[in-house]
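> Can you read through this structure? Questions will come right after.
In my numbering, the protein residues as written are 77 to 748.
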């Protein structure tokens, strides 16, 4: 059964890829949906065995790489973290597969799309079930490859090409650092196996890596920093985040799968899985918490005035990932995972709900061209209302339980960093409430700005879209309440020692005693809701006037242009690299030095030589006699020259030998 989780998804992928033209779109949809459904059932069985019966499964298929003193196996681990991630990944993937069968039903390349979705899920399962870093790296690279294929699914669109290339390039930066961390781990432990590395990780404390006579570096800090940069690339944290909003160029089901259950959650999973290493590096934990908090604020402020419905939800993903990352930086790994699982359901609900709206109004994504859909699309309105309220942390929905406990833990850390992160998280929560309510108002409640022909043809979703959205809405309401106690409850034994936290970093018991500050997250959420209502309804004209004034216009442009990160990358890095590539590597080296002294010179010599021999073939006898005599004279002169040269060379060698011998004889005589 454990192996079936991986094999059955591979069978679904390979069947659709090889026989998709014969099976057709519907046949491929049936096969892939059933394969993912069976994988979901197996995941539930694994989860119940690990949770209720406290079992951990290890699966070894055989050796892979055999070296002199080490062997790397095809081994997989099914513990509490893995089983929980399996539930999240397979459930979301199943709903996305069902949704895609209807949403993409008219696409002629549906078999290819469904096969890529199955492959995406397969590689994510590789990543979460791996029991060594090399198997994890296969899944890590696999989800990056599938994201490229799915973002670029409509490959005739130039923007899709650019977005896919951008995603793969930014992820390569993180992949390089993860690979570097694996090299160091193998150098130190002579293994990449989790059990060996985590059990011996305590010996890394204080271990110094000597680079040269004057430079040393703490080994555990270097490993954890490299692992974190790998997570930054996958989870789109500040600096390597710009690929995530552009990934919206792919089909909407792809966005839901990337943002909810796969790809971006891989970085958070790596931090949780590597808790045994990160707990030994307090400096890197501090750095992780700062980067996560700044990312949460950056993405939340950037989403305030975006107008593309999918990009707003994409920036909310980036912001929520920041919450998960800084939760891990504050050693609250179980809380970060709790928010990851809740976020997966309501973020999939939001993206798939956005897809149903886009599908209903002729593929329009600009919220400025929407409005008044509350009565025209009542089911979509209900779905979006549930997803948005769960996202902002409205009481008793899933996001309320996980986001509040993250902020409460930040305040409970009693350090300056914890206090600053707490206030940054509160500000991010207020901005999240603002753009979520703004999105609801402009799409469903405001006066419509949609074309009449679109309004006449607007329609609710089909049954294939309705079913996934309905079940995701149920999970978005109840998942936080149902799982809060065994994920983050004080004294819970759910994690079964698969997460390691230093005693001085455990503050879950302190959050019940922070009194006034416990209600601040909810207060800031309501402030954001009120500000959104005022700006979109009551003071709409005043807000527009303020936005056009000089000072606020600069702030508005700064936020709309995403803190100018894209411009910095394009102008300072991208353009300079392109100029260097064109003027130096292409014109100077490739078309210059290499071509002149390489293929161009060879072709010129051959061409001129053949032209010379062609011209001397005149057909006249006296020309051939002259050439014959000239050749004989050249040979004779060459022989004479080389004989004289060799005789002079021999004379010089003899003279040198005589000098050497004479010196040695004199030295021999002097000894006596």
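Glycine included, every Cβ here is placed at the ideal spot set by N, Cα and C.
Looking at the structure shown, is residue 136 part of a helix, part of a strand, or coil, going by DSSP?
Reduced to three states, the DSSP call for residue 136 is strand.
> So what's residue 251 in DSSP terms, helix, strand or just coil?
If DSSP states are grouped into helix, strand and coil, residue 251 belongs with the helices.
> Can you give me the start and stop residues for the beta strand (DSSP E) that residue 293 sits inside?
292-294 is the span of the beta strand (DSSP E), which, as asked, contains residue 293.
> Which residues does DSSP pair with residue 206 in a beta bridge?
Answer by DSSP bridge pairing, in chain order: 152.
> Under 7 Å Cβ to Cβ from residue 219, same chain only, skipping five residues before and after it: list those, please.
Answer for residue 219: 196, 199, 200, 203, 338, 339, 342, listed in chain order.
> Starting from residue 347, trace the alpha helix (DSSP H) in both directions and tell me its first and last residue.
That run of the alpha helix (DSSP H) goes 340-349.
> Against chain D, with Cβ distances strictly below 8 Å, would residue 689 count as a contact?
This model lacks chain D altogether, as it is built from one protein chain only.
> Count the C-beta pairs between the segment 467-484 and the segment 600-613 that are closer than 8 Å, then say yes if the count reaches three, no if not.
Touching, yes, given that three or more Cβ pairs across the two stretches are closer than 8 Å.
> Can you give the beta carbon distance from residue 208 to residue 117, rounded, assuming they're within the 8 Å contact cut?
The Cβ separation is near 27 Å, so there is no contact.
> Between residue 444 and residue 533, how many whole angstroms is the CB-CB distance? I'm expecting something under 8 Å.
About 20 Å; that fails the 8 Å criterion.
> I'd like the list of long-range same chain contacts for residue 577, defined as Cβ closer than 6 Å, with 5 residues on each side in sequence excluded.
If we look at residue 577 and ignore the five residues flanking it on each side, its Cβ neighbours are 407.
> Run through DSSP, which three-state label would residue 570 get?
It is coil, neither helix nor strand.
> Pull up the CB-CB distance for residue 452 and residue 516, whole angstroms please, since I reckon it's below 8 Å.
15 Å between Cβ atoms; not a contact.
> Among the residues of its own chain, which have a CB less than 7 Å from the CB of residue 79, if the five just before and after it don't count?
Excluding positions up to five away in sequence, the list reads 135.
> On the three-state DSSP scale, how would you describe residue 575?
Of the three classes helix, strand and coil, the one that applies to residue 575 here is coil, per DSSP.
> List the whole-angstrom C-beta distance separating residue 180 from residue 329, where the pair is believed to meet the contact cut-off of C-beta under 8 Å.
With 8 Å as the limit, residue 180 and residue 329 qualify as a contact, their Cβ atoms being about 7 Å apart.
> Starting from residue 285, trace the beta strand (DSSP E) in both directions and tell me its first and last residue.
Segment 284-286, the beta strand (DSSP E) holding residue 285.
> What does DSSP give as the partner residue(s) for residue 710 in the beta ladder?
Answer is none; residue 710 lacks a bridge partner.
> What did DSSP end up calling residue 147 once you bin it into helix, strand or coil?
Looking at residue 147 - three-state DSSP - the assignment turns out to be strand.
> Going by other Cβ atoms of all chains shown within 10 Å of its Cβ, with 16 needed for buried, is residue 247 buried or exposed?
When all chains shown are included, residue 247 counts as buried.
> Does DSSP put residue 517 in a helix, in a strand, or in coil?
Three-state result, residue 517: helix.
> Are residue 639 and residue 374 close, meaning C-beta to C-beta below 8 Å?
Contact: yes.
> On the premise that residue 390 lies in contact with residue 335, defined as a C-beta separation below 8 Å, what is that separation, rounded to the nearest angstrom?
Between residue 390 and residue 335 the Cβ distance is about 7 Å, and since that is below 8 Å, they are a contact.
> Compare the C-alpha of residue 88 against each of 173, 487, 314, 411 and name the closest.
The option with the nearest alpha carbon to residue 88 is 173.
> Starting from the Cα of residue 487, find the closest Cα among 185, 159, 677, 582 and give me that residue.
Per the Cα distances, 582.
> When you compare only the Cα positions, how much space is there between residue 124 and residue 359?
Answer to the nearest angstrom: the Cα atoms are 37 Å apart.
> State the DSSP-derived secondary structure class of residue 437, mapped to helix, strand or coil.
The answer is coil: DSSP assigns residue 437 none of H, G, I, E or B.
> Would DSSP call residue 141 helix, strand or coil?
Strand at residue 141.
> Could you round the C-beta distance between residue 596 and residue 502 to whole angstroms and report it? I think they count as a contact, below 8 Å.
So it is a contact: roughly 6 Å between Cβ atoms.
> Would residue 321 and residue 387 qualify as a contact pair, given that the criterion is a beta-carbon distance under 8 Å?
Result yes, Cβ atoms of residue 321 and residue 387 sit closer than 8 Å.
> Can you list, in chain order, the residues of its chain with a C-beta nearer than 8 Å to that of residue 66? Leave out the 5 residues immediately preceding and following it.
Residue 66 cannot be examined here, being either before or after the span of the chain that is shown, 77 to 748.
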